Each structure stands twice: as C-alpha cells, then as structure tokens.
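A short worksheet on the structure shown next.
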Amino acid sequence: TTARTGLAPHVPTCADWDVRDLVAHLGMVHRWAAANLRGDEGHRPEDSQAEAAASDDLLAWFDEGLDALIAALHDTPADAAPVVFLQDAPPPRQFWARRQAHETTVHAVDAISAELGRWPRAPEVPVTPEIA
Numbered sequence: 011t012t013a014r015t016g017l018a019p020h021v022p023t024c025a026d027w028d029v030r031d032l033v034a035h036l037g038m039v040h041r042w043a044a045a046n047l048r049g050d051e052g053h054r055p056e057d058s059q060a061e062a063a064a065s066d067d068l069l070a071w072f073d074e075g076l077d078a079l080i081a082a083l084h085d086t087p088a089d090a091a092p093v094v095f096l097q098d099a100p101p102p103r104q105f106w107a108r109r110q111a112h113e114t115t116v117h118a119v120d121a122i123s124a125e126l127g128r129w130p131r132a133p134e135v136p137v138t139p140e141i142a
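Here the sequence shown stands for residues 11 to 142, where the numbers follow the numbering used here.
If you want it as structure tokens, here you go:
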C-alpha cells in the first residue's frame, strides 16, 4: 500500500499523521519490541524516531526494523524474560509476536485508509480471523 500511495498522503484514521509519520511510528515500535526481546535496556524509542526523521529511504529503514523484529522473535529463547506489560501474559516471545501482529495490522488498515482517502469499510480490509 505504501509503495503505491507514497509517503505524503494524509492518514484519515490518524488525524495528524501522513503516511511518513505512520511508517516512522511503526518502524519505531518494531525496533522497540525487538529491543525488549533482546533485553536491550539501553534502547530509546526517541533514537528510532530521530533515525526515521533523518532517513533518506524511510521504507528501507522500516524494512530493516521489521527484519530485526522477525530475527528477535526467532532468536529469543523460549525461557527468556523480556519485559511484557500484561498480567497473566503468555510467554514473552508469544506475547511480543501477538502484540506486534496486532500493532502491524492496525497500522496496515491505517495505510489502506491513506490509499482510499477515507476510513475503509470491512470488505476493503484484508484481515483474516487468525489475526485475532
């Protein structure tokens, strides 16, 4: 969707954002989650935000963060103890995989809204029941 719309369109579902803001936010969140999985206590989300703002190729920067998240989800041992923020949460790797699946899906719908120029209707959103 973003490759088709570009980074300039307004995101109707996120009042003050354009697609650039949306991509920067999601890339920051992916990096934050990956840092939590790796136990990187020195990670600061504002550093990722500054990287996004300075990037000449925001989509490549986004892809790097997504790759880092996937690697962290894959490489984190099942018995690792990264931070989770729910009581009675599933094991951390499962928690972060599910949390990021939801975060990414919500913002994919936001990207669809930017492409359409309005809030999308349910048939226009390719979200499967498995995501829930």
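Idealized CB from N, CA, C, for every residue including glycine. This structure is a prediction, so every number in the text was calculated from the model and none was measured.
Assuming residue i and residue j make a contact with CB atoms under 8 Å, what is their CB distance in whole Å?
i: Pro92; j: Pro100; result: Wrong, their Cβ atoms sit about 13 Å apart, outside the cutoff.
i: Pro19; j: Met38; result: The pair is not a contact, with the Cβ atoms about 20 Å apart (cut-off 8 Å).
Pick out whichever of the options has its Cα sitting closest to the Cα of residue i.
i: Thr15; options: Ala132, Ile141, Glu61, Glu125; result: Glu125
i: Val94; options: Trp106, His84, Val137; result: Trp106
i: Glu74; options: Glu140, Thr86, Arg41, Asp66; result: Arg41
i: Asp24; options: Ala63, Pro139, Arg131, Asp120; result: Here the sequence assigns Cys to residue 24, which means Asp is not the residue at that position. The shortest Cα separation from Cys24 among Ala63, Pro139, Arg131, Asp120 belongs to Asp120.
i: Trp71; options: Ala90, Asp26, His35; result: His35
Between residue i and the rest of its own chain, which residues show a CB-CB distance below 8 Å, the 5 nearest in sequence each way excluded?
i: Ala13; result: Leu69
Can you grab the Cα-Cα spacing for the pair residue i / residue j, in whole Å?
i: Val21; j: Val116; result: 12 Å
i: Asp66; j: Asp98; result: 42 Å
i: Ser58; j: Leu32; result: 13 Å
i: Ala43; j: Pro133; result: 30 Å
Any idea if residue i is buried or exposed, counting beta-carbon neighbours within 10 angstroms, 16 or more meaning buried?
i: Gly52; result: exposed
i: His84; result: exposed
i: Trp129; result: exposed
i: Gln166; result: Here the chain covers residues 11 to 142 and nothing more, so residue 166 does not appear.
Could you name the residues of the same chain whose beta carbon sits closer than 6 Å to that of residue i, not counting the 5 residues immediately before and after it, in chain order?
i: Trp17; result: According to the sequence as given, residue 17 is Leu; it is not Trp. Val29, Arg30.
i: Thr86; result: Leu47, Arg103
Can you find the residues in the same chain that come closer than 7 Å, C-beta to C-beta, to residue i, ignoring five residues on each side of it along the sequence?
i: Arg48; result: Ala82
i: Trp27; result: Val21
Can we count residue i as close to the ligand GTP, meaning its CB is less than 7 Å from some heavy atom?
i: Glu125; result: The ligand content of the structure shown is nil, which means the ligand GTP is not present either.
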